[in-house]
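Chains as they are written, first to last, in the numbering used here: chain A, 4 to 339; chain B, 434 to 759; chain C, 2 to 569; chain D, 85 to 808. For reference, the structure discussed in these notes is given below.
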Amino acid sequence: MSRGIANYIVGRFLQSVMVLWVIVTLLFLLFRLAPSNPMASYIDTEFTKEQEQALLARFGLDRPLHEQYVIYLINLLKLDLGDTFHYAGTSVIDILRADLPNTLYLTLCSLLLAYSVGVLGGIAMAALRGSRIERVGTTFTLMTRAAPQFWVGMLLLTFFAFQWKLLPSSGIGPAVVRYRWETEWDKLLSPIFWRHMILPTFTLAVYLHGLPLLLMRSNMLEVLDQDFIVMGRLAGYSERRLMIQYAARNAVLPVLTALTLGIGYSIGGNVVIETVFAWPGLGRTLVRAVQSADYPLAQGAFFLIALIIVIMNFIADLLYSLLDPRVGASAQAQIS
Amino acid sequence: MQQEAMVRGELRGKKTVQFRQGSALRQLWETNLEVFQRDKLALLGLFIFAFFTLVAVFAPLIAPNDPLTPLKDANGDWIKDVVPYWMAVPGEDEAEGYVNTFHLGTTNIGRDIFSQLIYGSRAALLVGFSAAIAVAVIGTVVGLLAGYYGGWIDTLLMRAADVAFGIPFIPFIIVISAFFDPSIWNVVVAMAVLLWRDSSRVIRSQVLVIKEQAFVSAAKVSGASELRIIFVYIAPSILPLSFLYGTLAIAWAILTEASVSFLGFSDPDTISWGYMLQDAFNSLALSREAFYWIVPPGLCIMLTVMAGFFIGRGYEEVLFPRLRRM
Amino acid sequence: MTRKILGLSALLILLLSIGMLPASTQSMGGAVPTIIVRSVTQAERPIEYETTRLVVENMRELGLDVEHRAVPWAQLIDEIWYTRTGDDAWEMTYWRMVGRPERSDPDEFTYNLFHSSVRDGGYNFIGYNNPDYDALAEAQRVEVADKEARLDIICEAQQIIRNDMVNAYFVHPLTPQVINTQVFNPDSVVTQAGIGVHNFWTWIGIEPTGDETTLTTSTTSFLNSFNPLEIAGDAPSRVTEMTWDRLMRINPIGVAKPWAAETITWEDSLNVVVTLREGMTWHDGEPVTSEDAAYTFEAALAGTTQTDEDGNESFRAEAPDYYPFARNVANIEIIDDLNVRFTLHTPSAAFETSSLAKLNLIPEHVWRPIIEDLLTKDDADVDSIQEDIPIGSGPFKYVAFDVNEFVLLEAFDDHWARPKIDAWLMNVLPNQEATLGQIQAGEMNFLWEWPGDPGVLQDIVDSNEQLDLFSAISIGFQYFAFNVRYEPFDDVNFRQAVAHVIPQQFIIDNIYNGFAAPADSFVSAALEYWRQCDDLPTYDFNIEGARQLLEDAGYSWDDDGRLHYPGG
Amino acid sequence: MTILSIRNLKVDYATQDGVVQAVDGVSLDVAEGQHLGLIGESGCGKTTLLKAIVQVLPRNGRIVAGEINFKGTDLLQLSRTDMRQLRWREIATIPQASMDSLNPVQRVGKQLTKLLSVRGGHDKRAAKRRAVDLFDLVGLDSDRLSHYPHEFSGGMKQRAVIAMALALEPSLLIADEPVTALDVIVQHQILEVLRRLEEELNLTVMLITHDISVVAQVCDSVAVMYAGRIVEQADAGPFFASPAHPYSLGLQQAFPNLARPRDQLVSIEGYPPDLREPPTGCRFAERCPFVLDACHSDDPQLQLVGADRYAACLRSSEMDALRLQAEDPALWQQVEVVQATAGPQETWGDSASRAQDGSAEWAGQPGAYADAVATGSDSGADDILLELRDVSKRFKVGGGLAGLLRGDKEQTVYAVNNISFSLRRGESLGLAGESGCGKSTTGKLLVKLLDASDGEIDFDGVDLTALDGENLLGFRRRAQLMFQNPFEALNPRFTLYRSLTEPLIIHGWTDENERLERVVETLDRVNLRPAEVFLDKYPHQLSGGQLQRVVLARALVLQPDFLVADEPVSMLDVSVRAGILNTTRRLARELGLATVYISHDLSLLQYTCDRIAIMYLGEIVEIGPSQQIISNPQHPYTQALIAAVPVPDPTIENPPLRIREGVPRPTEQFIGCPFSQRCPEVMEACLSVRPPQVSDDEGHITQCHLYGEHSASPKLKDSNGTRA
């Protein structure tokens, strides 16, 4: 049986690698075959053709496409994402390395908040099935999912930051404080950082909590219908125990998978919120890189986000196979 | 309602029988009908769509002004930053040389916000419906092919879906928008390129289930061709799923278009609600406390997206009856 | 060239074929093709976007088919700067030249914007080619001593450009700046002509009134380098000019004055001796010597000559941004510890302003090894260098720099002109709402860059006692540039007609909310001396007049109202 | 002593279409130590009764009246908590489909120990010890405690559930359909476990089932439920010997009985009444062959009709006479009209009186259909229609690019292995065996839903694998398949007319009138009358029995020569099974159809087939004339299968099985006999030499070493026990 799971994991891993390779190739083609000049950003200088040529050489853009592709792949394997056009003397990976933690903090905190609220809310909604509270609750949740994130963010900003001045409006902290944060620990130990986290985290959570809530609710309803719950009831377990320890425990498994997937997807989706709150993360960097035609940086940020998504998809699969013993077996069941 | 073919025939030369032919389309229609009969919220969603569709179609009749041209007062100056007439201080506007008839005021360069809101429904519905069609059609075809034929076709298509699952959606649209001219079609194209992944997977697994059902084998034993089996037997059963993903795609498309517009990657000559919010945000509507400018487009987005969710939920409850509220 | 021939022959064929048509159209040329007018997006610069939009509307009144194409700034640069010729060449665009201290001398604009030698890769991106003008632009450089004579030349140059209407100027913006007067003494703020209050003199002279001794400001654009040999944009320039001293600095009224140099002595029109101030040190404690001054120019001139496959030689500068400003230096001679002599190739009136007051003094002990290393590499120049701790000798020194996030500087105590504030902080804040929020909340106390609606800023200042709004007319200007290489903008009549449809006053009143002065030349009214000329031609807003102009020039309209080129 | 006493219990369900009175005035006593079997068809209220007893009714269910006394306490008066405490401590219930009643993501042992600690108050160690004991008790290896449910076979899961139910030592065990959907051998073993526990633990058991033979095997008393009422209650002996209610009579005769084969089974035609509006009179009246006018108006009460016997029938006094009449299937046939207007939810109108004799009309009017049949059978009845020679079907799984990536080795499943047999025109053959033996795959091969990997299948002299295009279409017209699950066999989106006319359209019938005529004719022949009424119905509007008739009609609409019926009645209620079988058998005979029946139920095959083939792991281990196979089985596997079939007669006790449950994986290849792993007679030769096929003159072929040259090979003792 464990061999079945091991095979499953190895297979999934190889699959993820292949998926990543295809994405990376698409990315390469997308950026290389783009209609605009990748060197567009060097202005305010009197450029000669030769200088342009030299620059192209510096970014390896003067070689034939297939050579560029090979170099690109090799560099990716070395996690070398090249130099940016706009940030003097800084490599793409340096910038992304600075951005990634911020994005992760924001993503993880908001997901944690959203999923705690969502799971509990989902249980409550399932328990209150058919009641007025449930109707109002789920409708409200649908509303939060339907409202554009940036709009919610704008409104929250208006009131909490601009009108009532309760919370800071943007960034991760004032520069005078920030420059003393030498390590991530310094940042995480600073209350100022957490104060700056509140609004964007909350805004994201408002949006994100819908999925786990609705998922948990429908899973609960499904599990509650299953025979083993009926038997649990017949066996005299209390409704509370059945609800929490039986139904919720089983129903939460897909939600955990969704959470894992959610990490990947919300990192990709945080773009908007990071822009509204000027949060120095991957998404904002991507937007600015695209706006300023800093293609190596845009490409790097996109790659990193895609990488995280693929990894998270892989982990979600793993998690699923570990949490649900039937999955490993289903790989086996295909045989018999 | 749908006109249904009747079968009429003579039976052993004695009596005439006449009865409803019955068809997959009829059943599909009934499924749709059931969705909206069962779920009042889904019906509400349908009304919202219908409402905004009417607004979009008759926008030139409803909107009092051109949404893009700044309005000018008697002196030829722009009528800028005007609050809605119901918020205005009486007499103030007349002094400036114009009559305030603006339901939602004007923007900082004198465009009529209400007219923008009306015209904005066009972009939203255009994006929404085209994305829905693209997603539903691609997802259905891919799901059908992969599920029915299996083998390498399945492997190829599902790996392609894996790739689509690995591509971050909004970043993808941003990059696409940067490379091509800003246009609402970027959103549609990006959705079509990526979002078939969800619907195709679900439809594929549904096809796998249906394909194994006895009535499909029965059709085979009767000599039905593969195309007949796919299109007469399997496709109608999965179409409600396509509708489900189609309606959800409407919601996502409208939301996504708003986000992309907000980030400034939209075509400024196409008024959309997202563009309005972007305009408002960049024109400092928050600092101007011009909530009449910020709130309505957001509400409209929310309403249409919710309409999509409501209808989607209606389909879900019919398709997956376990979710039904008792 | 081939394009032109092709275009002409195509036109010829078109004309011939039109000739076959009924007589009524015979006198008409071909319809003026669709014109694409470019600008940045609304999100980036609402003012520029709206202005372009307005002008595009008016151009349509002339019977033109005009398309407004708004793209992000970086892309616009690509489409304008790198697409000057060829089928995709741009036709007309909104453009801006920003005010910088060294632009207080008219030389840079006079020469660089219009001289035919910088047509292909330089600032003359509009492709202006006028030998008469070239002669003037060169002559004004030679008139070092005779300022009056130079003024005449500059005036004539302005006349030519205005007549030829190659750039349709419409405003010099009034840059609004807000200072928190609770933190700073408003009387200590210095206004520099054509720049405004956000200038070097304010940075070192502004007096804190209380405990807050950090000046906090922000920029909406990039803060992507901290490098004395790179001109990376407006915000980084603010940082480098404070961290690295210069031999001369442009004073508040726009004249270059000795700064790190004690004296500047012109021996003749080609030789100048620079004497350094005594006792200056680098931020790392090393003394500033004439060798550093000499090396500053050496570094700017450093580069390698390369030969391509066709045998053409080309020069690759290691500091391409500064090379043009040092290029005129033929020889550098170190006389002693404090004296250094520069010998020029040709006499230059602008040498003080655009070279001595432009180049950042860099420490030889830091930069020589770097430049020498770079010289051995084909694919890297100084732009790829970022010092861990930048070392200058300016009144502020480096504390922290987070790319595109913030720069923090502190006063350099050993500087002979130590600033009155203790620290200077610049955040990157592209979000205008956030900017407003911060200046009101006191998180920021000096708002120096405001691309948004000045009216909103004025309202906020009016309702907030702590804040004061300063505004100054800029050396910079906003204009529509025409690509004069191609039809239809190769025709001066056509350009003049377009100039007539730009509603200058309306733009000032409605779009700038009054925060702009009308512009008619590349020399700002802020530079009063260089504007002592006869009146320049005016192009009032007059659509009918514009149509008349076109009609007189032989243009005509077809039945659909579409404008056609002159026939024949 | 009475342990459970139910008095006048009434349970309602509120549904969208009205209130369903699912249990309507049931009174029932269970004495301590009694083993009561509660019999009834689906929808009769037996499961509702169970749920009412332990009060786990769904939200829309409500106990309207009555009392439930358990050991002197009225359960309906107990608080929720008290009631909850009672469950499984006092009354243990094994729910229906208990195979799925285990938490799929928890180890079985953990579920058991958890139950013991949470509900039984055992500490951890004691719980573990007790769990081991319990597993031992139900015949499960204690190693299995650490397994997940999906690693268990169906029988093992059922044992585990029984172990859990017994964990808290209840005094009453209520089991709802404990052996349904299990293979016959497993079923037998589970019943054996139950029987043993009854004795060892002196349990009081209430067993709810639709299968009277199960009751006959394990119960000492019987209650029959019909339409929410108990219609008869008696001790097992008298009940089986002389049922006292017409419904019981019908049920008893509806069951094929291996021990007492009969020509014609009784089919209780019609459907139970609509419980939203139950009839005022006797609820069985509409289906009862002995119905009197009074039955429609007077509601018979359960009354004493003999020693300890209760029945609810107005004619219970005449029962001895009626019983004799009931032996004649024709009596029941009178009501063999499947009412068109009636769905399972529709009221049963007076149209029942329009009973017609279907077969008479069929014979009397030989239309085009009969003509076609006549020409079809011109060539003589002895003709071989179908011949299989060394046919194998292998499936490859886990291969391909995806498999390679996943690291799966390609494995081969030997679904059908080297089988040969032939079928004459008009002949019927039964394929029997446990699930997974390859009988369904064989069925699919026969109608070319699958292609054979090896060997030849000749249909009327043409090899099936070579068929394509027109030829294939021709074959499709002649060979048809009838499916197990009628609810899935028809496209839910098609009207019945559409479903039935599809084959005609495919085969080029362009004239709507002709198609209609053929469809109506065919519906008529399967006793769906009046046919017109069914045409525009959708499958969900029909009952299972009606649907299966439609499925049969669809198979016959093209007038085939050959029909494969895959488990044609296993999904149907007992009372209507016989109807389908009778119709199928009759039509096959009349039309000269060669038929292959696939079933796990030997008694059914004995009833319908001329010959029977027993399959095991893809091979035919024995084939021969039905009577010979049943009465004189040669192969040890056949013997075991027959021994395991429960007989609906408590006087005949099934012999103990000497074979263990669990079929080996079909991916294994055997050098010797595939059955050697389970065979009680296994010899040395069985492990290494393929068994020979031994044949007698009547075509009775057995593939076993016991009858070949190795019959003297030494026995391997004790290698296979009876228990796992």
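Beta carbons are placed, not taken as given, at the ideal position from N, Cα and C, and that holds for glycine.
{"Query": "Residues bridged to D/ALA149 (per DSSP)", "Result": "D/LYS94"}
{"Query": "For D/GLY390, the three-state DSSP class (helix, strand or coil)", "Result": "strand"}
{"Query": "Pick from D/GLN643, D/ASP467, D/ASP535, D/GLY514 that is closest to D/SER476, judged by C-alpha positions", "Result": "D/ASP535"}
{"Query": "Collapsed DSSP secondary structure at B/VAL640 in the structure displayed", "Result": "helix"}
{"Query": "Selected residue, minimal CA-CA separation from C/ASN272, among C/LEU375, C/ALA350, C/TRP74", "Result": "C/ALA350"}
{"Query": "Where C/PHE110 falls, given that 16 or more other Cβ within 10 Å makes a residue buried", "Result": "buried"}
{"Query": "Close beta carbons around D/THR722, own chain, < 6 angstroms, minus the five adjacent residues each side", "Result": "ILE698, GLU706"}
{"Query": "CB contact check: C/LEU224 to chain B, cutoff 8 angstroms", "Result": "no"}
{"Query": "Per DSSP, cross-strand counterpart(s) of C/ARG97", "Result": "C/GLN479"}
{"Query": "Span separating the alpha-carbon of D/GLU174 from that of D/CYS397", "Result": "35 angstroms"}
{"Query": "Close Cβ partners of D/GLN180 (< 7 angstroms) along its chain, the five nearest in sequence each way excluded", "Result": "THR131, ASP260, GLU261"}
{"Query": "Short-range partners of chain A found in the stretch 393 to 424 of chain C, where Cβ spacing is below 9 angstroms", "Result": "VAL400, ALA401, PHE402, ASP403, VAL404, ASN405, GLU406, PHE407, VAL408, LEU409, ALA424"}
{"Query": "Endpoints, the alpha helix (DSSP H) within which C/GLU314 is located", "Result": "Run containing C/GLU314: none in the alpha helix (DSSP H); it sits in the beta strand (DSSP E), 314 to 318."}
{"Query": "Cβ shell of D/GLU572 (< 7 angstroms), same chain only, five flanking positions each side left out", "Result": "none"}
{"Query": "Heavy atom of the ligand HEM within 7 angstroms of B/ALA723 beta-carbon", "Result": "With respect to small molecules bound, the structure shown includes none, and the ligand HEM cannot be examined in it."}
{"Query": "Which residues DSSP lists as bridging B/LYS505, in chain order", "Result": "B/TRP511"}
{"Query": "Whole-angstrom distance between C/GLY30 and C/TYR323, CA atom to CA atom", "Result": "48 angstroms"}
{"Query": "Chain A contact for B/PHE485 (CB, 8 angstroms cutoff)", "Result": "no"}
{"Query": "Status (buried if at least 16 other CB within 10 Å, exposed otherwise) for C/SER464", "Result": "exposed"}
{"Query": "Beta carbon proximity, A/SER44 to chain B, threshold 8 angstroms", "Result": "With a pLDDT of 46 at A/SER44, under the threshold of 50, the predicted position of this residue should be treated as unreliable, though the coordinate-derived value follows. So, not an interface residue."}
{"Query": "DSSP state of D/ARG749 mapped onto helix, strand, coil", "Result": "coil"}
{"Query": "Neighbour flag for D/ARG560 against chain B, beta carbons, 8 angstroms", "Result": "yes"}
{"Query": "Close Cβ partners of D/LEU640 (< 6 angstroms) along its chain, the five nearest in sequence each way excluded", "Result": "THR606"}
{"Query": "Residues near D/ASP547 in its chain [Cβ-Cβ closer than 6 angstroms; skip 5 each side]", "Result": "GLU540"}
{"Query": "Presumed contact (8 angstroms Cβ cut-off) between B/MET735 and A/MET146, rounded CB distance", "Result": "7 angstroms"}
{"Query": "Partner residues on chain C for B/ARG721, Cβ-Cβ distance less than 7 angstroms", "Result": "VAL457"}
{"Query": "Chain-ordered residues of the stretch 223 to 241 of chain A with a beta carbon less than 9 angstroms from chain D", "Result": "GLN229, ASP230, PHE231, ILE232, VAL233, MET234, GLY235, ARG236, LEU237, ALA238, GLY239, TYR240, SER241"}
{"Query": "Test item: CB-CB of D/ILE246 and D/VAL277 under 8 angstroms", "Result": "yes"}
{"Query": "Bounding residues of the beta strand (DSSP E) (the contiguous stretch that carries D/ASN597)", "Result": "That residue, D/ASN597, is in no beta strand (DSSP E); its alpha helix (DSSP H) goes 596 to 609."}
{"Query": "Whole runs of the beta strand (DSSP E) within the stretch 608 to 691 of chain D, excluding any shorter than 3 residues", "Result": "646 to 650, 678 to 682"}
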